[in-house]
Amino acid sequence: RNENQKLDTELKTSSSDLKKVTDSYQTLKSGSAEYLDLKSIYEKMAMQLDQQKKKAQNVEKELERIQFHKNIRWFLSGASVLIIGFLIGFSSRRQRRRPSLL
């Protein structure tokens with residue numbers, strides 16, 4: 064009889080432990096499903112972020128190239144104006160001196 068009570072107590076304890084483990088397993092199982100969904104979303108977002116970073120780098124390189132060409136164009140325009148100014152200045156100076164030398 065004493066042994067029956069002991070076994071009955073162990074059975075109740077084991078049943079209680081089994082219920083706790085089963086509940087914990089179900090909680091973990093439902094949580095892991097959410098985890099897998101979140102992991103999938105994270106991987107997609109990480110890929111999109113990498114693509115956006117590459118696009119931003121390409122746009123930045125293109126902007127630098129355009130600015131460089133723009134600066135060169137302005138420099139060449141300024142140099143052209145300066146050279147044309149010198150040529151006009153020299154030609155007008157020669158034309159004024161010729162009559163005075165004669």
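Our numbering puts the first residue of the sequence shown at 64, with every later residue one more than the last.
Even for Gly, the Cβ is constructed at its ideal location relative to N, Cα and C.
Please read all numbers here as calculations on a predicted model, not as lab measurements.
Length of the line joining the Cα atoms of residue i and residue j
{"i": "residue 124", "j": "residue 106", "result": "27 Å"}
{"i": "residue 156", "j": "residue 139", "result": "25 Å"}
{"i": "residue 67", "j": "residue 95", "result": "41 Å"}
{"i": "residue 99", "j": "residue 83", "result": "24 Å"}
{"i": "residue 81", "j": "residue 97", "result": "24 Å"}
{"i": "residue 115", "j": "residue 101", "result": "21 Å"}
{"i": "residue 137", "j": "residue 104", "result": "49 Å"}
{"i": "residue 134", "j": "residue 127", "result": "10 Å"}
{"i": "residue 90", "j": "residue 77", "result": "20 Å"}
{"i": "residue 121", "j": "residue 110", "result": "17 Å"}
{"i": "residue 142", "j": "residue 108", "result": "50 Å"}
{"i": "residue 118", "j": "residue 131", "result": "20 Å"}
Own chain residues within Cβ distance below 8 Å of residue i, not counting five before or after
{"i": "residue 152", "result": "none"}
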